[in-house]
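Participant:
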Amino acid sequence: MNLIGYACSYIPVEILSATGLHPYRLLHGAFDLSKEGERFVRVDACPMVKSNLAHVIKNQAKFAALIGSTGCDMSRRMFDILAEHTKIPVYVVNIPRTDNPAIYNDEIDWLAKQLEHFTHKELIAEMITDEISKWEARRARLRSIDIKRAAHPSLISTTDFHKLMSGYHKGALSDEITQHQDPTDKPRVYLLGSAITYEANHILQLIEEKLRIVGDFNCGLSRPLGIRIKEQSIDGVKKAYYDQAPCVYKRPHQRYYEFIKAETVRLGCTGIIAWTLDYCDVHEFELQKIENVLNLPVLRIRSDFSFQGLSQLKTRIEAFTEMLCTRI
Amino acid sequence: MYQDLTPEKISLREWSRQFRMVGDSEIRQFKYYNNDEWGIYLSPPATFMVYGSRQLKKLKFDNSLAALRLWGFTFNESERLFRARQSGKRIIAAMGDLGTVPVIALAFPDCIPFYPDCTWWTPFFNESTVLLDKASELGTPEASCFVRSTLAAFHKMAYFPKPDILFASTGASCDDYSCIMQMVEDMGYELNWLEIPFRRQRRSLHVPEEHTVAESGFEYPKRFETYLVDEYKRVWQKMEALTGTGDLEDLNASIEKNNRIRRLVNEIKDLTQTAAVAPFPALEMMIIEFGNLYGYADIDEWLDILKMIKQTIADRVEKGIGVLASDAVPLAWVTPTADPLLLNIVEDLGGRIVATEYVINQALTTIEEGIEPFHALARSFMNASLIGSTEERVRQIARGVDSGKIAGVIITNMLGCSHCAMETRLIEEKLKNVPVLAIDIPAPLGITAQLRTRITAFIEMLR
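Spelled out as structure tokens, the structure:
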């Protein structure tokens, strides 16, 4: 029992790690898990939420604590259910949707205090500094790999990069997976939308048979790499996490679009893959705007993690690729 | 003088016949914005059917003059808002918080708050998918709450006038509506965003933090109030900037007036739900509850209507008469139905609604008086239905079950609605001492024989 599960990009991994527990981002998403999750929620709940529910309940002995957030409504309510069905201590942090750093700062202070109390361990400044150094180094290393993914030609596939990022999200401080260079001149696309779960690697693989994903804005992939802690203190942690490229649920969400637009230009993308999970409101509502604002061809992929329609998806990806090649 | 007949639920046609008995003086007596010239609203419900609310011909209505007033007034709202604009009043759109921002807006002269959110009933009353289709065209997912019709209403600019100012509350609320509000902003409307904090429960494992208790018994960290106070002060400042005026005494007066409505509605609910025979129908009662949000764009007239309704109900209770059979099965209803017809159906099949959780608890609790008004508003909002745990949300219903007042519970869901998807099973578990029927609200005109059969079987089983 040494995992501390968390579910949001705004939860500082440094603080979780300082407790001596092993941070583990709840990013499960597989069809069988999702079906199991339907014991606790309706069928029209987000399949990642259903999968996470099933995973945590099945593996509850491994979790010492769970840290939720108000990120999206279903995710917040997932912790209500986990508190009901497990004995794992649950802490839910208010992550403001509007620009309100005061709430965020208060809440991270609250979380730190709760974790100190829970672990009987004072989170002294040196420990935080130490964690910042470790995680910053980890992110720096991943950033250097991400640069290769973004290079012209792209040298690393997102299929491989996802495996590395999964390690980060599971709390690993070193790479357990050997990355191999795979230069390609396939059309360069940007991936955005719902989370890419641990089990979704095959989807990336399928996409990258024809295309190369050179950048992304998805939980489960490179989002944490935008976090750069400049001040070696808990205040520095709060500032860096708060100032990260904003989640699409932030209101208003102009900064999200500004960021995405700049990234697609910087990376020289010629198309967008918009990945959404069934019933993921936060991302599904954005699809039309993504098409209008980014002014690039968009391939929408909606998933419940099942393999149903895999051939159709393959054909759609092929058609999208042909279209991008024609445009080029 | 019109005399109420023996209470019963009657059809549109019957109301049209009965309306002949309503005298001219009574018709002229009831008017919105106290305007003799164009403020008269008492008319048979058929009027609104002709104007587009086709479902009215299927519904059954209470046959009292008070109910006639209620229907005339609420269906007249769209006209009223356009009249307000024409007569120089300011239109304030409150979105997402369901109950608090209008209290502030009403402290300013000639300001008319309303909730575009309430457009979610329009596709059902109109038996039309026009708004839902337009919302899809504008980019909303098919599997999302019917409240997406609000987006289409903003687009069409025909259901309410363009607001002078918009306040959009987001945070610990449902995702669908947060997304819709964002799409409204993307259309070019300028939204003032407000943050709603999550009402975190105190758990035994938590480090003690200064907590306080809301009227509904929900505990929460006291500092959350200050977040809301800051937000409400921003609303106040925006309203001051809009109107060039602002007196906190007027806010106290607005709180006092809203409290009169809230108390009156609580009394009406109490009378109705505890009477031996149901004195008033569930559909009208739902409209009464939702009036707490903003008084249907004329709070003074709404207050007067409520007084009349209360009198009608009190008379019926005293006489032991009502609109349903005395052996109707007592039910609780969780989450309001987007399709009003369902409330009629449940009653027709032998049910009686004796408790409700319509996601607007924040608008049903009274606002403290005699304390700093923004704090009072913040404390009142911390009673909100959707900002806390599911257990808190259905606590009152669970008590009703335990005391034997509730024999069954109906939960209405919308496909793709974030809180419905996550809460329904948990509600069923929390109310495990009572049978629960969860219904998915179909699209307009979608109520099938199968759904009626499920409700029939549920009520038969309870009997």
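Listed in order, the protein sequences are those of chains W and L.
Here the first sequence is numbered in my numbering, starting from 1 and rising by one per residue.
Here the second sequence is numbered in my numbering, starting from 1001 and rising by one per residue.
Beta carbons are placed, not taken as given, at the ideal position from N, Cα and C, and that holds for glycine.
1. Within 10 angstroms of the Cβ of Lys87(W), are there 16 or more other Cβ atoms? Answer buried if so, exposed if not.
2. For the putative contact between Gly1322(L) and Val1265(L), defined by C-beta atoms under 8 Å, what is the C-beta separation to the nearest angstrom?
3. Going by other Cβ atoms of all chains shown within 10 Å of its Cβ, with 16 needed for buried, is Gly215(W) buried or exposed?
4. Using a Cβ-Cβ distance cut-off of 8 Å, determine whether Pro246(W) contacts chain L.
5. List the DSSP bridge partners of Pro47(W).
6. Can you tell me whether Gly1351(L) is helix, strand or coil according to DSSP?
7. When you compare only the Cα positions, how much space is there between Phe1458(L) and Pro12(W)?
8. Could you check which residue in Asn1259(L), Thr1356(L), His1206(L) has the C-alpha nearest to that of Leu1303(L)?
9. Say the cut is 7 Å; is the CB of Ala1275(L) nearer than that to a heavy atom of the ligand ZN?
10. Once you ignore the five residues that flank Leu1191(L) on each side, which residues in its own chain have a CB closer than 6 Å to its CB?
11. Secondary structure at Tyr24(W), three-state DSSP: helix, strand or coil?
12. Is the CB of Leu82(W) under 8 Å away from at least one CB in chain L?
13. Does the pairing of the segment 64-72 of chain W with the segment 8-22 of chain W give three or more beta-carbon distances under 8 Å?
14. Return the bridge partner residues of Ile1091(L) from the DSSP annotation.
15. Please name the residue, chosen from Arg42(W), Ile132(W), Phe40(W), Leu26(W), that lies closest to Lys239(W) on a Cα-to-Cα basis.
16. Please work out which residues of its chain come closer than 7 Å, Cβ to Cβ, to Phe118(W), disregarding the five sequence neighbours upstream and downstream, and give them in chain order.
17. Secondary structure at Ile88(W), three-state DSSP: helix, strand or coil?
18. In chain W, which residues lie with their C-beta within 9 Å of the C-beta of Asn1413(L)?
19. Can you list the residues of chain L that Cys72(W) reaches, using a CB-CB cut of under 7 Å?
20. By the three-class DSSP mapping on this structure, what secondary structure does Phe285(W) have?
21. Along the chain, which unbroken stretches of the beta strand (DSSP E) at least 3 residues long are found entirely within the segment 48-136 of chain W?
22. Got a sec? Which residues, its chain only, sit under 8 Å from Pro1161(L) by beta carbon, not counting five neighbours each side?
23. What distance in whole Å lies between the Cβ atoms of Ala1355(L) and Gly1400(L), which are believed to be in contact at a cut-off of 8 Å?
24. For a cutoff of 8 Å on Cβ pairs, would you count Arg76(W) as touching chain L?
25. What residue range is occupied by the uninterrupted beta strand (DSSP E) comprising Gly193(W)?
26. If you draw a straight line from the C-alpha of Arg316(W) to the C-alpha of Leu1437(L), how long is it?
27. Put Val1317(L) into one of helix, strand or coil per three-state DSSP.
28. If you draw a straight line from the alpha carbon of Asn1361(L) to that of Asn1383(L), how long is it in whole angstroms?
29. Output, in chain order, the set of chain L residues within a Cβ distance shorter than 8 Å of Arg143(W).
30. Going by DSSP, what residue range makes up the alpha helix (DSSP H) through Glu1392(L)?
31. What does Pro96(W) reach in chain L if we use C-beta pairs closer than 7 Å?
32. Along the alpha helix (DSSP H) that carries Ser264(W), what are the first and last residues, could you check?
33. Along chain L, which residues have their Cβ under 7 Å away from the Cβ of Glu284(W)?
34. Rounded to whole angstroms, what is the Cα-Cα separation between Ser1178(L) and Arg1203(L)?
35. Indicate the three-state DSSP secondary structure (helix, strand or coil) for His1155(L) in the structure shown.
36. Could you name the residues of chain W that Gly1416(L) contacts, counting a contact when the two beta carbons are closer than 8 Å?
Facilitator: The short version:
1. For the purposes of this step, residue 87(W) is taken as the residue at position 87 of the first sequence. When all chains shown are included, Lys87(W) counts as exposed.
2. Against the second sequence, residue 1322(L) aligns to sequence position 322. Against the second sequence, residue 1265(L) aligns to sequence position 265. So it is not a contact: roughly 19 Å between Cβ atoms.
3. One-based indexing of the first sequence puts residue 215(W) at position 215. Buried, since its Cβ has 16 or more Cβ neighbours within 10 Å.
4. For the purposes of this step, residue 246(W) is taken as the residue at position 246 of the first sequence. Interface flag for Pro246(W) against chain L is unset, since no Cβ pair is found closer than 8 Å.
5. The sequence position of residue 47(W) within the first sequence is 47, counting from 1. Paired residue(s): none; Pro47(W) is not in a bridge.
6. Position 351 of the second sequence, counted from the first residue, corresponds to residue 1351(L). Note: Gly1351(L) maps to strand in three-state DSSP.
7. Taking the first residue of the second sequence as 1, we reach residue 1458(L) at position 458. Taking the first residue of the first sequence as 1, we reach residue 12(W) at position 12. When only Cα atoms are considered, Phe1458(L) and Pro12(W) end up about 49 Å apart.
8. Start at 1 with the first residue of the second sequence, and residue 1303(L) comes out as number 303. Measuring from the Cα of Leu1303(L), the nearest candidate turns out to be Asn1259(L).
9. By its list of ligands, the structure shown contains no ligand whatsoever, and the ligand ZN lies outside what it can speak to.
10. By one-based count along the second sequence, residue 1191(L) stands at place 191. Cβ within range, chain order: Leu1166, Ala1168, Glu1185.
11. The residue labelled residue 24(W) in the question sits at position 24 within the first sequence. Strand.
12. Reading the first sequence from its first residue, position 82 is the one you call residue 82(W). Chain L contact via Cβ: absent.
13. Yes, since at least three Cβ pairs between the segment 64-72 of chain W and the segment 8-22 of chain W fall closer than 8 Å, the two stretches touch.
14. Walking along the second sequence from the start, residue 1091(L) turns up at place 91. Answer is Ile1112(L), bridged to Ile1091(L).
15. On the first sequence, residue 239(W) is found 239 positions in, with the first residue counted as 1. The shortest C-alpha separation from Lys239(W) is found at Ile132(W).
16. On the first sequence, residue 118(W) is found 118 positions in, with the first residue counted as 1. Only Ala65, Pro89 meet the Cβ criterion.
17. Counting from one through the first sequence, the residue named residue 88(W) turns up at place 88. Collapsing the DSSP output to three states places Ile88(W) in coil.
18. The residue labelled residue 1413(L) in the question sits at position 413 within the second sequence. Residues of chain W passing the Cβ test: Arg42, Asp44.
19. Taking the first residue of the first sequence as 1, we reach residue 72(W) at position 72. For the C-beta of Cys72(W), the chain L residues within less than 7 Å are, from N- to C-terminus, Asp1175.
20. As a first step, residue 285(W) is located in the first sequence; it is residue number 285 there, counting from the start. The answer is coil: DSSP assigns Phe285(W) none of H, G, I, E or B.
21. Correct list: 63-69, 90-93.
22. Position 161 of the second sequence holds residue 1161(L). Cβ-Cβ distances below 8 Å link Pro1161(L) to Leu1081, Phe1082, Ala1084, Arg1085, Ile1091 in the same chain, with the five nearest sequence neighbours on each side left out; the list follows chain order.
23. On the second sequence, position 400 is the one that residue 1400(L) refers to. On the second sequence, position 355 is the one that residue 1355(L) refers to. Confirmed, Cβ separation roughly 5 Å.
24. Along the first sequence, read from residue 1 onward, the residue named residue 76(W) stands at position 76. Output row for Arg76(W): interface = yes.
25. Within the first sequence, numbered from 1, the residue matching residue 193(W) stands at position 193. Counting along the chain, the beta strand (DSSP E) containing Gly193(W) begins and ends at 188-193.
26. Position 316 of the first sequence, counted from the start, is the residue given in the question as residue 316(W). Position 437 of the second sequence, counted from the start, is the residue given in the question as residue 1437(L). Taking the CA atoms as reference points, Arg316(W) sits about 41 Å from Leu1437(L).
27. What you label residue 1317(L) is simply residue 317 of the second sequence in a count that begins at 1. Helix at Val1317(L).
28. Here residue 1361(L) corresponds to residue number 361 of the second sequence, with the count starting at 1. Here residue 1383(L) corresponds to residue number 383 of the second sequence, with the count starting at 1. So the alpha carbons of these two residues sit roughly 6 Å apart.
29. The residue given as residue 143(W) occupies position 143 in the first sequence. Per Cβ cutoff of 8 Å: no residues; Arg143(W) is ~31 Å from chain L at best.
30. By 1-based counting over the second sequence, the position of residue 1392(L) is 392. Annotation: the continuous alpha helix (DSSP H) that includes Glu1392(L) extends over 1390-1393.
31. Numbered from its first residue, the first sequence carries residue 96(W) at position 96. By Cβ distance, chain L contributes Gly1171, Glu1195.
32. The residue given as residue 264(W) occupies position 264 in the first sequence. Reading off the sequence, residue 264(W) comes out as Thr, not Ser. It spans 254-266 - the alpha helix (DSSP H) in which Thr264(W) sits, taken as one unbroken run.
33. In the first sequence, counting from the first residue as 1, residue 284(W) sits at position 284. In chain order, Pro1141 make up the part of chain L whose C-beta sits under 7 Å from the C-beta of Glu284(W).
34. As a working mapping, residue 1178(L) is identified with position 178 in the second sequence. As a working mapping, residue 1203(L) is identified with position 203 in the second sequence. Straight-line spacing of the CA atoms in Ser1178(L) and Arg1203(L) works out to 29 Å.
35. As a first step, residue 1155(L) is located in the second sequence; it is residue number 155 there, counting from the start. Three-state DSSP puts His1155(L) in a helix.
36. Here residue 1416(L) refers to the residue found at position 416 when the second sequence is read from its first residue. Those are Asp44, Tyr279, Asp281, listed as they occur along chain W.
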